[in-house]
Amino acid sequence: MVNFGCIPLIAMSPAAKNIFSTLLNPPKVLQTCDKSFRDWRGFADVLGITGDANGIITSSLDPTAAIFDILKTRKERVTFEHLVKALEKIDRWDVLDDASDILEKDGKVYLERLEKVNAPEVDAMIDSKMLTYDDVVRLESGQPMQTYDAFLLFAEEDSSFADEIIENLERRGNLRLCTRDRDLISRGERFEPEVLMELISERCTRLIVVLSPNFIKSPVNTFLMDFGQTTGLHERRRKIVPVLYQDCKIPIQMRHTVMLHYNRMGMYNFWERFRNCIRTVSPAVVCDSRNYPSREEVPSRVPSIVPEMCPEADGEVLDEITPGGAPGQVTPRKKSFFRFAKRKNEKRDDSVVQLPSLSGLDDLGEINTQEMVRKPRGTGVAKKIKALVLRS
Numbered sequence: 001m002v003n004f005g006c007i008p009l010i011a012m013s014p015a016a017k018n019i020f021s022t023l024l025n026p027p028k029v030l031q032t033c034d035k036s037f038r039d040w041r042g043f044a045d046v047l048g049i050t051g052d053a054n055g056i057i058t059s060s061l062d063p064t065a066a067i068f069d070i071l072k073t074r075k076e077r078v079t080f081e082h083l084v085k086a087l088e089k090i091d092r093w094d095v096l097d098d099a100s101d102i103l104e105k106d107g108k109v110y111l112e113r114l115e116k117v118n119a120p121e122v123d124a125m126i127d128s129k130m131l132t133y134d135d136v137v138r139l140e141s142g143q144p145m146q147t148y149d150a151f152l153l154f155a156e157e158d159s160s161f162a163d164e165i166i167e168n169l170e171r172r173g174n175l176r177l178c179t180r181d182r183d184l185i186s187r188g189e190r191f192e193p194e195v196l197m198e199l200i201s202e203r204c205t206r207l208i209v210v211l212s213p214n215f216i217k218s219p220v221n222t223f224l225m226d227f228g229q230t231t232g233l234h235e236r237r238r239k240i241v242p243v244l245y246q247d248c249k250i251p252i253q254m255r256h257t258v259m260l261h262y263n264r265m266g267m268y269n270f271w272e273r274f275r276n277c278i279r280t281v282s283p284a285v286v287c288d289s290r291n292y293p294s295r296e297e298v299p300s301r302v303p304s305i306v307p308e309m310c311p312e313a314d315g316e317v318l319d320e321i322t323p324g325g326a327p328g329q330v331t332p333r334k335k336s337f338f339r340f341a342k343r344k345n346e347k348r349d350d351s352v353v354q355l356p357s358l359s360g361l362d363d364l365g366e367i368n369t370q371e372m373v374r375k376p377r378g379t380g381v382a383k384k385i386k387a388l389v390l391r392s
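Each residue of the sequence shown is one higher than the one before, counting from 1 in UniProt numbering.
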């Protein structure tokens, strides 16, 4: 049996919160003997939530979830025992019966993590790398530090939506998320933003930013958002996944970024698109479409060129064009060269005037140069004669 007096409210899972909301949100007509409401109104009254906070709860679509959000902001520690006593006082034993097993399980998970953290000290360098509860568990089994698909950055007032994200992406979408309240180990010797920066840059592939008016008001959140964007630019990859939860003034660095809109989830499958924005593809499954043949495979794939295809390419020319290759075998690029040479030779006129040898330069005067100049430009006879005259 877990002692609920030492289990804080942050250890409660989304499943347990869902049971509380489902059973306490509907209004109850019958009251208790001391005239207390038996729904969320009596639950909030027993827990000492009064004043302006009641207006926030009343305007919320999920009053019970709003009560939990307010309890998290209290300086005094709220435990599972406070919740159990509040349910007993408003005679809601049905809620206690349905949620007791899940609360028991959540308490055991919290205590197991707490015991892992209080284990004997390890090497100082390794200990400085342990940032989350998962790191401690993996360290004992000889595994490297835990990596995450995404770090979930949100305002404390939007924790109910954060729980919804965890439920759909982590429990149903098979993704591993990291949050500050649930996963981060309390380390008095290090500044918390420094730990978060290390997690975001080195251990988390993506950074989920839940934009809302409360998020914009937090200097720490805006700083970490800027840091995540800078990290993505430095690593040349997509880092931030912005989600517009409530209408607010979009930060200037996010105005030209495609983001997910929570209030438009009826237009498309919001959670499926959300999961696809976070998922990454393993390099092992990426296929290279440039399936170039190796040097050893080229002779077997390219048909050999017989001498008849290029009569002017004797053995010496072939050796010069294909150094180190077998006679009669060339690469695809050199094959196209020979085909171009063959087509060029086919267009030549059979009446091409033969040039004299160097030993017969004295007889150049007997050659009708005008007739040779009128030949098609493709023969190049005029240029060759001009070069010979200049050399003489």
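Note that beta-carbon positions come from the ideal geometry of N, C-alpha and C, so glycine has one too.
Alpha carbons only, please: which of the options is nearest the one belonging to residue i?
{"i": "D158", "options": "P193, L30 and P213", "result": "P213"}
{"i": "K28", "options": "D183, I19, K17 and F43", "result": "F43"}
{"i": "L96", "options": "G107, A53, L139 and L83", "result": "L83"}
{"i": "K75", "options": "C204, Q253, L9 and E272", "result": "L9"}
{"i": "D183", "options": "T222, Y133 and L390", "result": "Y133"}
{"i": "I102", "options": "I185, F37 and F4", "result": "F4"}
{"i": "C204", "options": "T280, L87, M267 and I57", "result": "T280"}
{"i": "P219", "options": "E202, E235, P251 and I208", "result": "P251"}
{"i": "C33", "options": "D52, I90, S100 and F68", "result": "I90"}
{"i": "C73", "options": "A53, K85 and E88", "result": "It is Thr, not Cys, that sits at residue 73 in the sequence shown. Minimum Cα distance to T73 is reached at A53."}
{"i": "L30", "options": "D69, R138 and R92", "result": "R92"}
Could you name the residues that DSSP lists as bridge partners for residue i?
{"i": "H261", "result": "L244"}
{"i": "F151", "result": "C178 and L207"}
{"i": "T132", "result": "L184"}
{"i": "P8", "result": "T79"}
What is the rounded straight-line gap between the Cα of residue i and the Cα of residue j?
{"i": "S141", "j": "L177", "result": "21 Å"}
{"i": "N25", "j": "D39", "result": "6 Å"}
{"i": "L152", "j": "D98", "result": "29 Å"}
{"i": "L260", "j": "F215", "result": "16 Å"}
{"i": "V258", "j": "V195", "result": "28 Å"}
{"i": "L131", "j": "L114", "result": "13 Å"}
{"i": "K335", "j": "A387", "result": "Unreliable positioning characterises K335 in this predicted model, as indicated by a pLDDT of 46, which lies under 50. The coordinate reading is nonetheless provided below. Approximately 31 Å between the Cα atoms of the pair."}
{"i": "P242", "j": "G228", "result": "11 Å"}
{"i": "C6", "j": "R41", "result": "26 Å"}
{"i": "D314", "j": "I385", "result": "Its pLDDT being 42, under 50, D314 is placed unreliably by the model, and the measurement read from it follows with that caveat. C-alpha separation (whole angstroms): 25 Å."}
{"i": "Y262", "j": "I166", "result": "15 Å"}
{"i": "V2", "j": "E81", "result": "11 Å"}
{"i": "D123", "j": "L175", "result": "The predicted model places D123 with a pLDDT of 48, which falls under 50 and marks its position as unreliable; any figure quoted below should be read in that light. One C-alpha to the other measures close to 31 Å."}
{"i": "I56", "j": "R77", "result": "21 Å"}
{"i": "S100", "j": "D226", "result": "42 Å"}
Could you spell out the range, first to last residue, of the alpha helix (DSSP H) harbouring residue i?
{"i": "R206", "result": "Note, R206: premise wrong, no alpha helix (DSSP H); beta strand (DSSP E) at C204 to L211."}
{"i": "Q146", "result": "Element bounds for Q146: n/a, residue is neither H nor E."}
{"i": "M197", "result": "E192 to E198"}
{"i": "A86", "result": "F80 to K89"}
{"i": "L30", "result": "Element bounds for L30: n/a, residue is neither H nor E."}
{"i": "I56", "result": "D52 to S59"}
Nearer than 6 Å: is that true of the beta carbon of residue i relative to any heavy atom of the ligand MG?
{"i": "P219", "result": "Annotation note on the ligand MG: not contained in the displayed structure, which lists no ligands."}
Kindly give me the distance between the Cβ atoms of residue i and residue j, rounded to whole angstroms, as I take these residues to be in contact under 8 Å.
{"i": "L244", "j": "L211", "result": "5 Å"}
{"i": "I278", "j": "R206", "result": "5 Å"}
{"i": "S160", "j": "D62", "result": "6 Å"}
{"i": "G107", "j": "A16", "result": "That pair is no contact at about 10 Å."}
{"i": "T64", "j": "F20", "result": "5 Å"}
{"i": "A150", "j": "N221", "result": "Going by Cβ atoms, the distance from A150 to N221 rounds to 15 Å, so no, they are not a contact pair."}
{"i": "S59", "j": "D45", "result": "Their Cβ separation, rounded to whole angstroms, is 17 Å, which puts S59 and D45 out of contact at 8 Å."}
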